[in-house]
Amino acid sequence: MRANYLTLRLTLRVLVMMLTGAALIAMAAYSGAH
70 MRANYLTLRL
80 TLRVLVMMLT
90 GAALIAMAAY
100 SGAH
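Under our numbering, the sequence shown has 73 at position 4, and the numbering climbs by one with no breaks.
Dropping the structure here:
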């Protein structure tokens, strides 16, 4: 159970990092296009 919890937290952290990176790339592309 504890291993499942740690795995879930790690997955959520990776997803947040991916979303943050995508948002930064999108903002950079948007500001670069304008």
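Virtual Cβ for every residue (Gly too), placed ideally from N, Cα, C.
Note that this is a predicted model, so its numbers are computed, not measured.
The same chain holds no residue with a CB closer than 7 Å to that of L81 once the five nearest residues on each side in sequence are set aside. H103 and L93 have their alpha carbons spaced roughly 15 Å apart. Rounded to whole angstroms, M87 and S100 show a C-alpha spacing of 20 Å.
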